[in-house]
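S.K.: Numbering (my numbering), first residue to last: 101 to 324.
We put the CB at the ideal spot given by N, CA and C, even for glycine.
I am attaching a structure below and will ask some questions about it afterwards.
What follows is the structure, given as structure tokens:
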């Protein structure tokens with residue numbers, strides 16, 4: 101038996117990223133307790149054929165921010181204003197009435213075979229737009245676009261780098277007790293898009309991302 105250290109390339113599509121300056125709204129952290137910020141994620145406007153994906157993107161953003169513990173996404177059924185024009189300034193008074201401190205608006209539509217998603221982030225109290233961007237990718241990458249937008253919202257409101265567009269590498273075990281099969285696998289940080297990496301070995305241990313996050317290192321025991 102010999103011990104092999106191997107590297108496997110984790111194929112990850114790169115998307116353009118524009119760094120945005122952080123604008124520190126008050127996220128109250130005192131006495132070891134976080135008072136999360138109420139945030140409204142308005143339903144994203146949808147172009148023809150993009151209705152389902154626009155709803156998915158808004159949902160992923162809300163779930164990401166809610167899981168962070170720093171934000172409380174408000175229920176869409178409580179919204180007074182229904183955003184109908186992405187370019188128009190929202191009526192901030194209607195968002196103050198539902199106790200929102202931050203507001204996200206967006207739209208998704210197909211553009212030359214690619215999915216284009218644009219968003220805007222507002223400070224509800226001042227009416228100031230804190231961040232905005234338009235991103236495009238394959239329609240299959242809709243969830244990843246939502247993770248990238250979540251990262252930008254998180255950074256703009258907290259001043260810290262987001263972590264939603266990250267992946268988790270793990271050992272996936274299957275089979276019965278007497279013949280367990282271990283495979284190297286990877287998934288998005290929210291548990292979606294799991295896939296098995298093409299790695300062979302009788303026993304796989306301690307998978308880790310490299311510092312560049314483009315490779316996975318692990319230990320494998322095998323005969324030979």
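When burial is assigned at 16 or more other CB atoms within 10 Å of the CB, is residue 124 buried or exposed?
M.R.: Because residue 124 sits at a pLDDT of 48, beneath the cut-off of 50, its placement in the model cannot be relied upon, and the point is left open.
S.K.: For residue 196, which residues of its own chain have a beta-carbon under 8 Å away from its beta-carbon, when the five flanking residues on both sides are left out?
M.R.: 224, 225
S.K.: Give every residue of the same chain whose Cβ lies closer than 6 Å to the Cβ of residue 227, excluding the five residues on either side of it in the sequence, and list them in chain order.
M.R.: 192
S.K.: Looking only at its chain, what residues have a beta carbon closer than 6 Å to the beta carbon of residue 201, apart from the 5 residues adjacent to it on each side?
M.R.: 137, 138, 224
S.K.: Check the C-beta distance from residue 141 over to residue 173 and give it rounded, since I have them as a contact under 8 Å.
M.R.: 6 Å
S.K.: Between residue 220 and residue 229, how many whole angstroms is the CB-CB distance? I'm expecting something under 8 Å.
M.R.: 6 Å
S.K.: Quick one, which of 265, 176, 253 has its alpha-carbon nearest residue 199's?
M.R.: Answer by Cα proximity: 176.
S.K.: Taking DSSP as the reference, what is the three-state secondary structure of residue 182?
M.R.: coil
S.K.: Counting beta carbon pairs with one atom in the region 144-161 and one in the region 238-253, are three or more of them shorter than 8 Å?
M.R.: yes
S.K.: Going by Cα to Cα distance, which pick from 145, 156, 149 is closest to residue 292?
M.R.: 156
S.K.: If we count the other Cβ atoms within 10 Å of its Cβ and call it buried at 16 or more, is residue 365 buried or exposed?
M.R.: The structure shown does not extend to residue 365, since the chain spans only 101 to 324, so no value can be given for it.
S.K.: Tell me whether residue 298 is buried or exposed, calling it buried when 16 or more other Cβ atoms sit within 10 Å of its Cβ.
M.R.: exposed
S.K.: So the alpha helix (DSSP H) residue 168 belongs to, where does it begin and stop?
M.R.: 151-168
S.K.: Let me know the secondary structure DSSP gives residue 257 once reduced to three states.
M.R.: helix
S.K.: State the DSSP-derived secondary structure class of residue 241, mapped to helix, strand or coil.
M.R.: Note: residue 241 maps to helix in three-state DSSP.
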